[in-house]
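The structure under discussion appears below in the form of structure tokens.
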Amino acid sequence: MDKLVSIGMVFSKAEDYPHAQSVWDKALALDADSPEVNYNLALTCFHLKDMRRARKHSAAAVDLRPDFFEANVLYGTILFMSGEDESAIRFLTHAHELRPEDGEVRRLLAHELSLYAEAQMKKNELQRATVLLQQASELRPDSREIKSKLAELRARASQSH
112 MDKLVSIGMV FSKAEDYPHA QSVWDKALAL DADSPEVNYN LALTCFHLKD MRRARKHSAA
172 AVDLRPDFFE ANVLYGTILF MSGEDESAIR FLTHAHELRP EDGEVRRLLA HELSLYAEAQ
232 MKKNELQRAT VLLQQASELR PDSREIKSKL AELRARASQS H
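Residues in the sequence shown are numbered consecutively from 112, following my numbering.
Here it is as structure tokens:
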């Protein structure tokens, strides 16, 4: 198993994803309950744009080890790309809680919160949109785009009262 993991890592680092996928599939057959093997297979499938398998194995990695930072980020990203905003926010928020200093996750989560807030605004769910944008603003206080959306939302909310 250790040899397979090492070989899978070498192929992944070399961005030889088809060979890496073959190795990770073999490793998974030996240890289907390994969060690391599931994650590495998911990441490889993600690079190969096989989103169905990437989703399946990133979900398995998170189920097997809920505090697996990278698996939460990958699964949250896949959910985000699938338009499953609430679920994506939940997993990206958990990843952010695990590593609040990670700037990439903070940016991704703020972006997802902002996009979801826009969708809520279109449905006239102004309170929900406000909460989402405030969360995004806390993550990215320097973002002009988020501040602008928040100001627009507040103006809309005051007009409706």
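Positions of the beta carbon are idealized from the N, C-alpha and C atoms, including for glycine.
Computed from a prediction, not measured in an experiment: that's the story for all the values here.
For residue i, tell me which candidate among the options has the shortest Cα-Cα distance.
i	options	result
GLU236	GLU212, ARG267, LEU220, ASP127	ARG267
ASP144	LEU203, ALA170, ILE257, LEU159	ALA170
GLU256	ALA228, PHE191, ARG201, ARG176	ALA228
GLU249	ARG218, LEU175, CYS156, LEU226	ARG218
MET192	ARG163, GLU212, ASP213	ARG163
ASP213	LEU243, LYS234, ARG251, LEU244	ARG251
Can you round the beta-carbon distance between residue i and residue j to whole angstroms, since I take them to be within the 8 Å contact cut?
i	j	result
ASP262	GLU223	This sequence places Ala at residue 262; Asp is not what is there. So it is not a contact: roughly 20 Å between Cβ atoms.
LEU209	ALA240	About 27 Å; that fails the 8 Å criterion.
LEU175	TYR128	Incorrect: roughly 22 Å between the Cβ atoms, too far for contact.
LEU203	LEU220	4 Å
PHE157	LEU185	7 Å
ASN149	ALA125	Incorrect: roughly 21 Å between the Cβ atoms, too far for contact.
ALA247	ASP196	No, ALA247 and ASP196 are not in contact; Cβ-Cβ is about 13 Å, not under 8 Å.
Leaving out five residues before and five after residue i in sequence, what residues of the same chain have Cβ atoms less than 8 Å from its Cβ?
i	result
LYS137	LEU115
LYS167	ALA153
Might you give, ordered along the chain, the residues of its own chain that have their beta carbon closer than 7 Å to the beta carbon of residue i, omitting 5 neighbours on each side?
i	result
MET232	ALA240, LEU264
VAL216	VAL184, LEU203, ALA206, HIS207, ARG210
GLY119	ALA131, VAL134, TRP135, ALA138, ASN151
GLY187	ALA199, PHE202, LEU203, ALA206
Tell me which residues share the same chain as residue i and place their Cβ nearer than 6 Å to its Cβ, disregarding the 5 neighbours each side in the sequence.
i	result
HIS205	ASN183
I'd like to know whether the C-beta of residue i is nearer than 9 Å to at least one C-beta of chain C.
i	result
LEU243	Chain labels in this structure do not include chain C; a single protein chain is all it has.
Would you check whether the ligand PLP has a heavy atom nearer than 8 Å to the C-beta of residue i?
i	result
ALA125	The ligand PLP is not among the ligands present in this structure, which contains no ligands whatsoever.
If we require 4 or more residues per run, which alpha helix (DSSP H) segments fall completely within the stretch 141 to 214? Whole alpha helix (DSSP H) segments, 4+ residues: 146 to 158, 162 to 175, 180 to 192, 196 to 209.
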